[in-house]
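K.L.:
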Amino acid sequence: MAKITRATKIGLAFWYIIQKREGTSRRFWVHPMWEKRHRSGSYQILLPELKQHAEKFHSYMRMNLSEFNNLLAVVNSTFNLDSDQPRRKIDVNTWLLGHWGSLSLAFLSVPSWCFNSLQNSGFNMLRNLQCSQNRLSSVPATEEEWIDIAAKFFSRWNCPNTLGAIDGKHVLIKRPPHSGSLYYNYKGTFSTVLLAVCDADYRCIYASYGIFDRGDFKKAIENGSLHLPTDSSFPFTNGSSLPFFFVGDGAFPLSRRMMKPFPGQRLSHHKQIYNYRISRARRLIENFFGILACSYRVLLKPLETKISNTDNIIKACLALHNFNVRHAAVRSPQKTLRTEPRFNWHRTYAKALWKPRVVIPIFIGTGIYGYYQLQAKMKAKSTLKFEDVDIYNAMYPFLTAERDRRWLKFLNKNRDYENEVMKNVKGWKTGTWYGEPVYFTLGDKWWDPGMEEVFAHSPTSAKEYELHFDRRDTYQAPKWWHHYVPEYVRVRMF
0 MAKITRATKI
10 GLAFWYIIQK
20 REGTSRRFWV
30 HPMWEKRHRS
40 GSYQILLPEL
50 KQHAEKFHSY
60 MRMNLSEFNN
70 LLAVVNSTFN
80 LDSDQPRRKI
90 DVNTWLLGHW
100 GSLSLAFLSV
110 PSWCFNSLQN
120 SGFNMLRNLQ
130 CSQNRLSSVP
140 ATEEEWIDIA
150 AKFFSRWNCP
160 NTLGAIDGKH
170 VLIKRPPHSG
180 SLYYNYKGTF
190 STVLLAVCDA
200 DYRCIYASYG
210 IFDRGDFKKA
220 IENGSLHLPT
230 DSSFPFTNGS
240 SLPFFFVGDG
250 AFPLSRRMMK
260 PFPGQRLSHH
270 KQIYNYRISR
280 ARRLIENFFG
290 ILACSYRVLL
300 KPLETKISNT
310 DNIIKACLAL
320 HNFNVRHAAV
330 RSPQKTLRTE
340 PRFNWHRTYA
350 KALWKPRVVI
360 PIFIGTGIYG
370 YYQLQAKMKA
380 KSTLKFEDVD
390 IYNAMYPFLT
400 AERDRRWLKF
410 LNKNRDYENE
420 VMKNVKGWKT
430 GTWYGEPVYF
440 TLGDKWWDPG
450 MEEVFAHSPT
460 SAKEYELHFD
470 RRDTYQAPKW
480 WHHYVPEYVR
490 VRMF
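No gaps in the numbering here: position 489 of the sequence shown is 488 in numbering that gives the first Met the number 0, and each next residue is one more.
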């Protein structure tokens, strides 16, 4: 068999790659179904109807008509079709409506809508929106812009010297082929990590992918390329200068430019105030991710696209979100986002750990349970006492007679033994010692039965309790306090 040369192997590999990329040839330049879009497409039918109903237009587009026209102007400057193509050019309004409505709302909600040519043109649209993001969500370039952000954080959220809130979000994706565990996360799914920073208006000022420790944002903070402002006087500190900082959760390292809450629960009052202020500012990034995912619901499900297209989708969502923030204030999917009223700094305290609505039910429940256990214990104790008294009264005559019987038997045995031993001694009288009586009865002396005799038929626990703790106070003489405590109370208590 002839040996295959190295050049033949390379040629076969190139041929396989070319055949794999070519695939099947297109049957239509434009499918007949899509040729009718100029007469019955979304732009010609749906848009006129939506313009007449502002609420439905906002629900479908996530913006009102004036904002839609502003977005059209932004996209029209960057999105141009090639005029040399032989096919008929499509108006930018149709592209924007078809892909903003069908792609950003339908595809970003139902990715299966993206077929063949729509997929290619749709991602071109996303790439152009992503390019527009540089103008919509640029990082502040001067110290004055950073100071303006810090002033808004202090006036709206009562957290001074704050430059932004930072956090990460796992955007679910379908496992890319031949990726192994590169995109596998601790939740058991595949995702790409979106690291974002937002300002006091829920506007994204920075976005990247990956973790903070190995990202460009940390390097930019350390090398000073972000042009962060210098230390400034902190409110209510008698003019003390403190640095400006970003706020994050426990996943971020504590540094001069990164603040996070104190861990633990039993904290001092000052630490609780600090945690409350930091968490008040940090929750903006949590709300930002929630608004972003609810507005563009593609982020709520795994993206079944290439990684490059996934990045374009996420950046397009960020650009559109910032566009809404800039042109129509901050909006949630329900059109408005509640803003919290201004309140007095000096009269705001951290919430107490033990609140009345928590302590009172616990106290009442514990008291009821303790009273129930006390009644059960007293009932068991009274039962044992009654049983012991009954046993004592029933066994007392028997134990006394048994004691006397055994004593008489022992006495008779001793007398018989003495008679046998002393039978050869002259003048010896059994029961005497040289004329003095040895055995006599104690009729005027009472001998109580022993402990083992009394409790022979009682539980061991009852014997130990009565002997060491109770000592039969009930059967002894009245106490001085019996005059002040009624009998029915004494019976229940003692």
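Where a beta carbon is used, it is the ideal one built from N, C-alpha and C, also for glycine. From a predicted model like this one, the values you see are computed outputs, not experimental measurements.
My output table needs one value for SER224: the three-state DSSP class, helix, strand or coil.
P.N.:
Three-state result, SER224: coil.
K.L.:
With DSSP collapsed to three states, give me the class of VAL29.
P.N.:
Look at VAL29 here: in three-state DSSP terms it is coil, with no helix or strand label.
K.L.:
Going by beta carbon distance, what residues of the same chain come within less than 6 Å of ILE165, once the five residues before and after it are set aside?
P.N.:
Excluding positions up to five away in sequence, the list reads VAL196, PHE245, GLY247.
K.L.:
Distance check for ILE306 and LEU298, CA to CA, integer angstroms please.
P.N.:
Each residue's Cα considered, the two are about 14 Å apart.
K.L.:
Given that a residue counts as buried once 16 or more other Cβ atoms are within 10 Å of its Cβ, and exposed if not, what is MET32?
P.N.:
Counting Cβ neighbours within 10 Å, MET32 comes out exposed, since fewer than 16 surround it.
K.L.:
Quick check: the stretch 258-266 against the stretch 215-233, are there 3 or more CB pairs under 8 Å?
P.N.:
no
K.L.:
Which residue comes first and which comes last in the alpha helix (DSSP H) that contains PHE385?
P.N.:
Looking at the DSSP string, the run of the alpha helix (DSSP H) that includes PHE385 is 355-420.
K.L.:
Assign VAL297 to one of three DSSP states: helix, strand, or coil.
P.N.:
helix
K.L.:
Hey, how far is the Cα of ILE9 from the Cα of TYR15?
P.N.:
Approximately 10 Å between the Cα atoms of the pair.
K.L.:
Would you give the residue range spanned by the alpha helix (DSSP H) that HIS177 belongs to?
P.N.:
That residue, HIS177, is in no alpha helix (DSSP H); it is neither H nor E in DSSP.
K.L.:
By Cβ distance, which residues of its chain are closer than 6 Å to ARG281, with the 5 residues on each side in sequence left out?
P.N.:
Listed in chain order, the non-local C-beta contacts of ARG281 below 6 Å within the same chain comprise ALA164, VAL246, local neighbours out to five positions each way being set aside.
K.L.:
Does any residue of chain D have a CB that is nearer than 8 Å to the CB of ARG279?
P.N.:
Judged by its chain identifiers, the structure shown contains no chain D, having just a single protein chain.
K.L.:
If we count Cβ pairs, one from each stretch, closer than 8 Å, do we get three or more for the stretch 167-178 versus the stretch 284-302?
P.N.:
yes
K.L.:
What did DSSP end up calling LYS305 once you bin it into helix, strand or coil?
P.N.:
LYS305: coil per DSSP, three-state reduction.
K.L.:
Kindly list the residues whose CB is nearer than 6 Å to the CB of ARG61, restricted to its own chain and excluding five residues on each side of it in sequence; keep chain order.
P.N.:
SER294
K.L.:
Please classify TYR183: does DSSP put it in a helix, a strand, or coil?
P.N.:
strand
K.L.:
Report the three-state DSSP secondary structure of MET60 (helix, strand or coil).
P.N.:
In this structure, MET60 counts as helix in the three-state DSSP scheme.
K.L.:
In the DSSP assignment, what residue or residues form a beta bridge with CYS197?
P.N.:
Partner(s): ALA164, CYS203.
K.L.:
Can you list, in chain order, the residues of its chain whose CB lies under 7 Å from that of SER190, leaving out five sequence neighbours each side?
P.N.:
HIS169, VAL170, LEU171, ILE172, TYR182, ASN184
K.L.:
Considering only C-alpha positions, which residue in the set ARG155, GLU48, PRO176 is nearest to GLU303?
P.N.:
PRO176
K.L.:
Assign THR309 to one of two classes, buried (16 or more other C-beta atoms within 10 Å of its C-beta) or exposed (fewer than that).
P.N.:
buried
K.L.:
Between the Cα of LYS151 and the Cα atoms of ASP198, ILE313, PRO139, which residue gives the shortest distance?
P.N.:
ASP198
K.L.:
Is it true that the CB of THR429 sits closer than 8 Å to the CB of GLU417?
P.N.:
yes
K.L.:
Using only alpha-carbon positions, find the residue among HIS226, CYS158, PRO355, LYS259 that is nearest to PRO139.
P.N.:
HIS226
K.L.:
Assign TYR371 to one of two classes, buried (16 or more other C-beta atoms within 10 Å of its C-beta) or exposed (fewer than that).
P.N.:
exposed
K.L.:
Of the residues HIS269, LEU317, ARG255, which one's Cα is nearest the Cα of GLY289?
P.N.:
LEU317
K.L.:
State the beta-bridge partners of SER39 as determined by DSSP.
P.N.:
SER39 is not bridged to any residue.
K.L.:
Going along the chain, which residues of its own chain have a beta-carbon closer than 8 Å to the beta-carbon of ARG279, five neighbours each way excluded?
P.N.:
TRP156, ASN157, CYS158
K.L.:
Are the beta-carbon atoms of ASN160 and LEU241 separated by less than 8 Å?
P.N.:
yes
K.L.:
In the DSSP assignment, find the beta strand (DSSP E) that holds PHE245 and state where it starts and stops.
P.N.:
244-246
K.L.:
At the level of alpha carbons, what is the spacing between MET394 and VAL420?
P.N.:
38 Å
K.L.:
Using three-state DSSP, classify PHE189 as helix, strand or coil.
P.N.:
PHE189: strand per DSSP, three-state reduction.
K.L.:
Put TYR208 into one of helix, strand or coil per three-state DSSP.
P.N.:
strand
K.L.:
What's the C-alpha gap between TYR208 and LYS270?
P.N.:
32 Å
K.L.:
What separation, rounded to the nearest whole angstrom, lies between the Cα atoms of PRO301 and HIS326?
P.N.:
30 Å
K.L.:
PHE243 and TRP145 look like a contact to me (Cβ under 8 Å); what is the Cβ gap, rounded to whole Å?
P.N.:
7 Å
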